[in-house]
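2 protein chains.
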Amino acid sequence: MIYLDNAATTCPKPPAVWEAMEDVIKNKGANPGRSGHRLSVEAGRILWEGREMLYSFIGAEEPEEIILTSNATEALNLAIKGCLKPGDHCIITSMEHNSVARPVYALGTAGVEFDIVEADTEGIIRAEDIKKAIKDNTKLVAVSHGSNLTGSVQPVEEVGKICREAGVYFLVDAAQTLGVLPFNVKKLNADMVAFPGHKGLYGPPGTGGLYLRRGLVLTPLKEGGTGGQSETLEQPGNCPDRYESGTANTVGIAGLRAGVKFVAQLGVHHIEEKEKDLLSLMLSGLKRFDEVEVYGPQDLNKRLPVVAFNIRGRDAAEVGFILDRVYDIAVRTGLHCAPLAHRTMGTLESGAVRASLSYYNTREEVECFLRAIESIIREMT
Amino acid sequence: MIYLDNAATTCPKPPAVWEAMEDVIKNKGANPGRSGHRLSVEAGRILWEGREMLYSFIGAEEPEEIILTSNATEALNLAIKGCLKPGDHCIITSMEHNSVARPVYALGTAGVEFDIVEADTEGIIRAEDIKKAIKDNTKLVAVSHGSNLTGSVQPVEEVGKICREAGVYFLVDAAQTLGVLPFNVKKLNADMVAFPGHKGLYGPPGTGGLYLRRGLVLTPLKEGGTGGQSETLEQPGNCPDRYESGTANTVGIAGLRAGVKFVAQLGVHHIEEKEKDLLSLMLSGLKRFDEVEVYGPQDLNKRLPVVAFNIRGRDAAEVGFILDRVYDIAVRTGLHCAPLAHRTMGTLESGAVRASLSYYNTREEVECFLRAIESIIREMT
């Protein structure tokens, strides 16, 4: 099978990921931070090492700024619900995934105001438009760094500066970009960054995290046992304990650490270069077909290796089905959990086919994909 | 090492657990329910099979009543916060873990009233006391089925009947009992049951779930992408999608399914019998020492294989440290995330040593533990 659904989750994972997980479940299977015995201490070390790896990878100041979550959606919900109160105003963009749009929409019914800044036809917002949308009660600006539909990369550095100057919290949804593009929380002036473990970081599902800038305090999404400060019914104030109640996914976190190590050792620049080469091949190949409409930015520097397209006259789901059944090529079709972005692209009715790349894809696979598309088009005539 | 910290997490896990996990991460690494391709469909099947296994194991009516979570704490937070609104009243017991007590306490600061029903000196509540505490605005009764500190088993069947008659939701925290005692949601008249995957079900960390009786609708803890109904910004209403936003932990859930299968094939009665034999040996052994005070019920039928104790004149943490370093025996010491229960037992200051058993423990291990305790006592004199 040729797997081109890496924006959903990268596949395969580096062998080191499973090896790390196997070691934990077989040899380090205790509950971290709950007991004093050595096996528990060792399990605690797994969490610590995961945090160590992540904080330095994203350029944070200290490991305690990393809150481990079960996925990016949990991180986004914690960030959004943890900082907004009724009466607050929040700004999102028309390129957001439902993991941002739905929590904001839910808060909207509970007295939080929000505005949606519209992207252009390539799916890119203007930082200036964010600035214009900031009001006296604006507390949070949430921007998807790169679109899971069109791959459009937003001018997050500019937005970060604007937010910092305006004294507004800036939340970056890095679901599609961490491990894919160079990333530094300080350069972005980000107060919070949500990320999955199982996409560009090549970790297992069930992992993710939230970078929370030191000093920022959120209302926890969940209260419960934290191992420390057991004597009080009040949730502890210290980070990350405040936000990590319940037994941690040590097995997954060990895998995530191995994934981040894989990315760090290759170097994000190297990964970016390789994926850009594949992306360029895919885009130029698709452009040869008059019947194909590709969405998102033309400029390779403004996009991720995520290509949404339609074949005119063909249903997106049907194209995906043929790619899967006839050509053994896995892509995603449908609405990609991003109705706002589809509305921006004019594809809310039709949906789109999405082919997304990872470091493990090859030029041969992309060429095979292009030949399959060509055959599907030819069959039509 | 002799591992007697199974109430924190069971260790080891059955080999089938990691074999199932390995198969998923190596061969079925796609994102479930997000795409139409076969690898994604296969990943979706993992979730379905996990739900199938769990619903029948607990005697639910249909698989959709099982909401998969990252641990029991998340399930408890979803249940408690999802059903209580300001002005509602809620009843908990003095034996609750912080994963129940802390969310309730947090809601208490937001206008939810609550009462704590006190247990007796053995850590057991009287169902009658729950009945007395029910008020006109009582919406929820939350009871820990079995204590993680003293192993005290509560009369949940009686409480369930009382709640059903009073039209009050009944939430059972089965963190210590699922897989350990026979369990049937209908027999308990439970509306919700929270459980971890990594304790009595022998699954990996990062897994758990909430049984939510059909027809009951909660406010979700998290909104986001659900794979289905992508076109709307409103969180879908259907169960379990409504509560499972974000990428699922397919690897963990495959492991959990294998764990439940292990338990189901052995039979909970058989597991209970074996653990009761070990428990009996441990309790009668500890009783021989005048210096040892054991907490919790005397009657074996009213308790779990979880034994909290102190050696008079010795600090609990010190005893745990010696057991670990000198005898290579892992127990837990401290407050066990259950300050309410410690207050009931009179051990809030001292803490306690806790030895907890699993199916994998042996009589030889228990005897070795008893010899170690004897040596520690002798050294004192």
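The listed protein sequences correspond, in order, to chains W and H.
Per the numbering used here, the first sequence starts with residue 1482, numbered consecutively.
Per the numbering used here, the second sequence starts with residue 1482, numbered consecutively.
A virtual CB, placed ideally from N, CA and C, is assigned to each residue, including glycine.
Item                                                                                                                                                                          : Value
Counting along the chain, where does the beta strand (DSSP E) carrying H:Phe-1790 start and finish?                                                                           : 1787-1792
So that I know if they touch, is there some Cβ in chain W lying closer than 9 Å to that of H:His-1823?                                                                        : yes
Is the beta carbon of W:Ala-1553 closer than 9 Å to that of W:Ser-1580?                                                                                                       : yes
Mind checking H:Met-1763: buried by the 16 CB within 10 Å criterion, or exposed?                                                                                              : buried
Among W:Glu-1646, W:Val-1634, W:Val-1649, which has the Cα closest to the Cα of W:Gln-1657?                                                                                   : W:Val-1634
Run down chain W in chain order and give the residues with a C-beta less than 7 Å from the C-beta of H:Cys-1492.                                                              : Gly-1510, Ala-1511
With distances taken Cα to Cα, identify the nearest neighbour of W:Gly-1740 among W:Gly-1510, W:Met-1482, W:Ile-1483, W:Thr-1491.                                             : W:Thr-1491
So what does W:Arg-1784 bridge to, in DSSP terms?                                                                                                                             : W:Ser-1633
Put H:Val-1585 into one of helix, strand or coil per three-state DSSP.                                                                                                        : helix
With distance defined between alpha-carbon atoms, name the residue in W:Val-1847, W:Ser-1521, W:Gly-1632, W:Trp-1499 nearest to H:Phe-1802.                                   : W:Ser-1521
Can you pull the chain H residues whose beta carbon is under 7 Å from the beta carbon of W:Glu-1715, in chain order?                                                          : Tyr-1586
Would you tell me roughly how many angstroms separate the C-alpha atoms of W:Glu-1594 and H:Ser-1551, rounded to the nearest one?                                             : 31 Å
Residues in the same chain with beta-carbon distance under 7 Å from H:Val-1498, minus the five sequence neighbours each way, listed in chain order, please.                   : Tyr-1683, Gly-1684, Pro-1685, Gly-1736, Ala-1739, Gly-1740
Please give me, in chain order, every unbroken run of the alpha helix (DSSP H) with length at least 4 that falls completely inside the region 1822-1861 of chain W.           : 1844-1861
For a contact meaning CB atoms closer than 9 Å, what does H:Val-1484 contact in chain W?                                                                                      : The amino acid at residue 1484 of chain H is misidentified as Val; the sequence shows Tyr. By Cβ distance, chain W contributes Gly-1510, Ala-1511, His-1518, Leu-1520.
Against chain H, does W:Pro-1686 count as a neighbour if the rule is that its beta carbon must be under 9 Å from one of theirs?                                               : yes
Between the C-alpha atoms of W:Ile-1810 and W:Gly-1678, what's the straight-line distance to the nearest angstrom?                                                            : 24 Å
When the cut-off is 9 Å and only beta carbons count, does H:His-1570 lie next to chain W?                                                                                     : no
For W:Val-1775, write down the residues that DSSP places opposite it in a beta bridge.                                                                                        : W:Phe-1790
Taking Cβ positions only, does H:Phe-1790 come closer than 9 Å to chain W?                                                                                                    : no
Is the region 1847-1854 of chain W touching the region 1815-1824 of chain W, taking contact as three or more C-beta pairs under 8 Å?                                          : no
For W:Pro-1721, which residues in chain H fall below 7 Å Cβ to Cβ?                                                                                                            : Simply none; closest approach about 15 Å.
Is the region 1582-1594 of chain W close to the region 1635-1643 of chain W, with three or more CB pairs under 8 Å?                                                           : no
In whole angstroms, give me the CA-to-CA distance for H:Asn-1791 and H:Arg-1607.                                                                                              : 26 Å
Between the C-alpha atoms of W:Gly-1429 and W:Gly-1681, what's the straight-line distance to the nearest angstrom?                                                            : Residue 1429 of chain W lies beyond the stretch modelled for chain W, which goes from 1482 to 1862, so this question has no answer here.
Against chain W, does H:Lys-1703 count as a neighbour if the rule is that its beta carbon must be under 9 Å from one of theirs?                                               : yes
Can you check whether the C-beta of H:Lys-1507 is within less than 9 Å of a C-beta belonging to chain W?                                                                      : yes
If the criterion is Cβ atoms closer than 9 Å, does the pair W:Val-1787 and W:Ala-1582 meet it?                                                                                : no
Verify the CB distance criterion: does H:Asn-1579 have a CB-CB separation below 9 Å to chain W?                                                                               : yes
Compute the beta-carbon to beta-carbon distance between H:Ile-1527 and H:Lys-1509, rounded to the nearest angstrom, for a pair I have assumed lies under 8 Å.                 : 7 Å
Starting from the Cα of H:Lys-1616, find the closest Cα among H:Asn-1782, H:Arg-1769, H:Tyr-1650, H:Leu-1588 and give me that residue.                                        : H:Tyr-1650
Check whether chain H comes within 9 Å of W:Met-1502, counting only Cβ atoms and requiring the distance to be less than that.                                                 : yes
Would you identify the three-state DSSP class for W:Val-1653, choosing helix, strand or coil?                                                                                 : strand
Short of 8 Å Cβ to Cβ, which residues in the region 1648-1660 of chain W face chain C?                                                                                        : The chain labelled as chain C is not found among the protein chains of the depicted structure, namely W and H.
Please list the segments of the alpha helix (DSSP H) lying wholly inside the region 1551-1604 of chain H, counting only runs of 4 or more residues, in order along the chain. : 1553-1564, 1579-1589
Going by CA-CA distance only, name the one from H:Met-1576, H:Gly-1690, H:Glu-1772 that's closest to H:Pro-1721.                                                              : H:Gly-1690
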